[in-house]
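Student: In full-length UniProt numbering, the protein residues as written are 8 to 259.
Glycine residues also receive a C-beta, built at the ideal position from the N, C-alpha and C atoms.
If you're wondering where the values come from, they're calculated on a predicted model, not measured in any experiment.
Dropping a structure here in structure tokens format, bear with me for questions.
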Amino acid sequence: HIDNPAVLYMDGVSVSFDGFKALNSLSMVIAPGEMRAIIGPNGAGKTTMMDVITGKTRPDTGTIIFTDNANSQHDLTRFDEADVANLGVGRKFQKPSVIESLTVFENLEMSLKGGRSIWQALLHKLTAEKAQKLDDILDMIDLADKREELAGNLSHGQKQWLEIGMLLGQEPQLLLIDEPAAGMTDEETMKTAELFKRLAQKHSLMVVEHDMDFIEALDCKVTVLHEGHVLAEGSLATVKANPQVIEVYLGR
Ligand code: ADP
8 HIDNPAVLYM DGVSVSFDGF KALNSLSMVI APGEMRAIIG PNGAGKTTMM DVITGKTRPD
68 TGTIIFTDNA NSQHDLTRFD EADVANLGVG RKFQKPSVIE SLTVFENLEM SLKGGRSIWQ
128 ALLHKLTAEK AQKLDDILDM IDLADKREEL AGNLSHGQKQ WLEIGMLLGQ EPQLLLIDEP
188 AAGMTDEETM KTAELFKRLA QKHSLMVVEH DMDFIEALDC KVTVLHEGHV LAEGSLATVK
248 ANPQVIEVYL GR
């Protein structure tokens with residue numbers, strides 16, 4: 008038992024594909040309510056890291072402990088993807104998967120925890136508590152004025168925000184988000200940074216991203232991955248000034 012447990016505690020996590028170490032003794036700790044940016048060149052192991060946390064890939068060795076809202080600890084290496092999601096780890100892939108023929112509100116309704124069918128959602132069978140929750144999510148993702156808009160009519164950035172709202176419907180404690188700023192306009196990118204700062208007041212976030220302006224706007228601790236392990240960790244300014252980081256990014 009630990010008094011102030013990390014939301015995520017990873018230690019010595021390794022994964023090999025045909026003898027190639029995609030993760031090589033990766034260790035990382037995410038504190039409650041922390042936002043962390045993860046950067047690193049292509050092939051550094053960022054996707055594989057998300058895969059082992061979310062139960063998509065089982066590590067060969069290492070420990071991954073998640074502490075849920077009730078302060079119970081779970082060894083994530085024992086669970087599959089659906090179970091990890093149910094424990095409170097939400098993952099957002101790069102490509103939005105909203106249902107374009109439904110409204111913003113209907114997409115959010117379908118995402119609510121507790122397994123709702125599309126028909127229940129379309130009939131708007133909502134308790135007052137759930138309706139309030141959806142309104143809170145709409146405010147969080149700044150789409151309250153698009154509530155009745157078909158998701159298909161949203162901009163790329165708005166679809167990404169809606170999908171983040173759909174993750175919130177699952178009441179995750181830890182959110183893993185893959186390249187949120189990809190394909191966004193500068194204005195959408197900065198709005199996304201503001202959204203993430205709001206999210207970080209209630210959730211822990213791990214954000215994989217290449218866009219340095221976006222990471223700067225997040226103003227959070229940065230972890231640099233290289234060859235499957237942590238090369239550097241600290242503020243963006245600190246890691247940018249690290250000679251090993253400079254070599255990895257520029258020296259080849
Ligand atoms: P990143 O997301 O940082 O670009 P990845 O985690 O996708 O890095 O990949 C890390 C390394 O592992 C790469 O060299 C990649 O080719 C390899 N890799 C990832 N997934 C697989 C797989 N399923 N089979 C074989 N090799 C893989």
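Please confirm whether residue 95 and residue 17 have their CB atoms less than 9 Å apart.
Tutor: No, these two residues do not count as a Cβ contact at 9 Å.
Student: For residue 228 and residue 242, I'd like the C-alpha separation in whole angstroms.
Tutor: The straight-line gap from Cα to Cα measures roughly 5 Å.
Student: Restricting to runs no shorter than 3 residues, where is the beta strand (DSSP E) found entirely within the stretch 61-113?
Tutor: Within the stretch 61-113, the complete beta strand (DSSP E) runs of at least 3 residues are 68-74, 80-82, 96-99.
Student: For residue 53, which of 157, 87, 215, 109 has the nearest alpha-carbon?
Tutor: Ranking 157, 87, 215, 109 by Cα distance to residue 53 puts 215 first.
Student: Name the DSSP bridge partner or partners of residue 35?
Tutor: According to DSSP, residue 35 bridges with 17.
Student: Pull every residue with its beta-carbon under 6 Å away from any heavy atom of the ligand ADP, and keep them in chain order.
Tutor: Those residues, listed in chain order, are 24, 29, 47, 49, 50, 51, 52, 53, 54, 55.
Student: Is it true that the stretch 175-195 meets the stretch 207-223, where meeting means three or more beta-carbon pairs spaced less than 8 Å apart?
Tutor: Yes, since at least three Cβ pairs between the stretch 175-195 and the stretch 207-223 fall closer than 8 Å, the two stretches touch.
Student: Counting along the chain, where does the beta strand (DSSP E) carrying residue 230 start and finish?
Tutor: Its beta strand (DSSP E) spans residues 228-233.
Student: Nearest-angstrom Cα distance between residue 46 and residue 226?
Tutor: Approximately 14 Å, taken between the alpha carbons.
Student: Tell me the residue span of the alpha helix (DSSP H) that contains residue 195.
Tutor: From DSSP, the alpha helix (DSSP H) with residue 195 extends over 193-206.
Student: Could you pull the DSSP bridge partners for residue 43 from this structure?
Tutor: Its beta-bridge partners are 213, 228.
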